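Here my numbering runs 9 ahead of the position in the sequence shown, where the first position is 1.
Backbone N, C-alpha and C fix where the C-beta goes; we use that ideal spot for every residue, glycine too.
All values reported here derive from a predicted model rather than from experimental measurement.
Each remark here refers to the structure printed beneath this line.
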Amino acid sequence: MPLLKSWIESANSPDTDFPLNNLPLGVFTVDDLPRCGVAIGDRILDATGLEEAGLLRLDAAPVLDIPFWNEVMELGPEAWAALRARLHDLLREGAPEQDKVAPFLHPMESAELHMPLAVAEFTDFYAGRHHATNVGTMFRGAENALPPNWLHIPIGYNGRASSVVVSGTDIRRPWGQLKGPDESAPRFAPSARFDLELELGAIVGQNSDGPVTVAEADDMIFGYVLLNDWSARDIQAWEYQPLGPFQAKATATSISPWLVMRAALEPFRCATPPREVPLLPHLEEPAPMLYDIALEVDLTPEGGSPTTIARTNYREMYYSSAQQLAHHTTSGCPMNVGDLLGSGTISGPTKDSRGSLLELSWGGKEPITVGNQTRSFLEDGDTITLRGAAHGDGYRIGFGPCTGKLLPAIPDPYAR
Ligand code: MN
């Protein structure tokens with residue numbers, strides 16, 4: 010697939026995250042109420058305005074009057090394709106309606122970005138083999154690194170939709186109960202091992218009320234966002250057995266402001282890695298369902314400059330989002346439009362491709378260099394920026410940065 014040229018010159022640059030091939034969806038404010046928008050080059054196209062002006066019609070009634078993309082998802086795959094076709098017609102080189110569309114373009118740099126969707130529910134998985142092996146080795150030893158179920162099901166836990174925030178939202182270091190010097194004396198303190206997790210989030214765009222196949226699950230996925238699953242490792246280590254993470258993962262989860270539709274990623278599909286043991290047939294992939302998306306993590310200390318601390322790729326995952334979604338439905342669990350599925354931390358095979366500080370610093374034993382400082386876990390004032398893009402011939406399909414700055418913990422909330 011070559012670069013699709015637009016009459017908006019900045020969309021034709023090989024460096025933009027947002028060529029005509031991408032058309033990711035967001036919600037933005039320039040100086041009024043939040044509106045649905047589409048990123049194109051260094052502009053945001055006001056999709057709500059286009060709908061009001063009769064230039065974009067997806068259904069008999071307006072679907073972009075509420076500043077979330079959920080109503081478009083509800084219309085289903087035919088409407089998703091129609092949206093992309095219409096946007097392409099309006100924005101392609103030589104488009105006849107340029108003069109009508111131009112007033113609906115706003116400079117991205119002056120826009121405030123909001124949550125692109127109303128998140129219905131949030132589930133997070135643990136489906137990267139390198140990550141699970143690294144963490145398992147640290148927590149349980151190399152012999153028991155991968156639990157016996159790991160090669161057979163994508164392990165996950167039910168998270169909190171209320172914790173999901175858009176890129177740019179500050180994150181407050183949490184308080185929590187931590188293991189004390191001996192297990193009979195835990196203490197309540199700010200987390201001292203606060204971490205990031207580099208993930209991709211899949212957005213479910215269709216409802217289901219019973220088990221679906223992996224192929225059906227893939228069709229239900231509307232698109233993807235970058236996702237940072239902020240994690241308090243010391244809270245996690247004390248609380249996680251036997252029911253899994255709880256408060257360690259409940260502080261916040263950041264997502265990129267731009268939701269990249271699955272259609273934009275089609276040229277970059279790739280298969281999951283070879284299976285060490287075969288999956289049960291209902292979890293097998295009928296076709297490639299991962300994507301070749303290059304990912305990186307930058308850490309910027311307060312007042313400092315960014316250092317890239319990890320580079321990896323989404324194709325490293327052992328389970329695809331479609332397999333995770335299919336597994337999620339096997340019990341009859343209903344899935345809904347707007348459900349968000351975190352991929353699990355995406356680490357590669359090498360030291361510099363690990364998607365969390367827990368792994369990068371090997372539990373704090375091997376601090377990494379960040380500019381003229383070192384880090385085992387996050388310090389107050391640190392900003393984490395995730396970036397991701399699929400690389401085509403002369404263009405990239407990007408998500409825009411997913412950032413969050415860590416603020417100091419509040420004073421003891423229970424002090425008297
Ligand atoms: Mn996670």
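- The DSSP assignment places 114–116, 121–123, 131–134, 165–167, 173–175 and 184–187 as complete runs of the beta strand (DSSP E) inside the segment 107–187, in order along the chain (cut-off: 3 residues).
- Every residue with a CB closer than 5 Å to a heavy atom of the ligand MN is listed here in chain order: 133, 206 and 238.
- Residue 398 is positioned such that its CB atom lies no closer than 8 Å to that of residue 390.
- Boundaries of the alpha helix (DSSP H) harbouring residue 223: 223–229, taken from the DSSP string.
- Rounded to whole angstroms, the separation of the alpha carbons of residue 169 and residue 259 is 7 Å.
- Beta-bridge annotation (DSSP): residue 15 is paired with 101.
- In this structure, residue 265 sits near residue 176, with a CB-CB distance shorter than 8 Å.
- Residue 212 sits buried, since 16 or more C-beta atoms from the chains shown fall within 10 Å of its C-beta.
- With fewer than three CB-CB distances shorter than 8 Å, the segment 109–121 does not count as touching the segment 146–155.
- Residue 10 counts as exposed, since fewer than 16 other beta carbons sit within 10 angstroms of its beta carbon.
- Here the segment 348–362 lies against the segment 203–223, with 3 or more beta-carbon pairs under 8 Å apart.
- Comparing C-alpha distances from residue 137 to each of 75, 378 and 154 shows the shortest one belongs to 154.
- Looking at the DSSP output, residue 414 shares a beta bridge with 392.
- Here DSSP, grouped into helix, strand and coil, assigns residue 69 to coil.
- Rounded to the nearest whole angstrom, the CA to CA distance from residue 347 to residue 125 is 10 Å.
- DSSP places residue 250 outside both helix and strand once states are collapsed to three, so it counts as coil.
- Assignment of residue 323 by DSSP, reduced to helix, strand and coil, places it in the helix class.
- For residue 271, the enclosing alpha helix (DSSP H) stretches over residues 271–274.
- Under the DSSP assignment, residue 208 falls in the beta strand (DSSP E) whose first and last residues are 207–213.
- The closest CA to that of residue 321, considering only 139, 191 and 331, is found on 139.
- DSSP lists 35 and 55 as the bridge partner or partners of residue 46.
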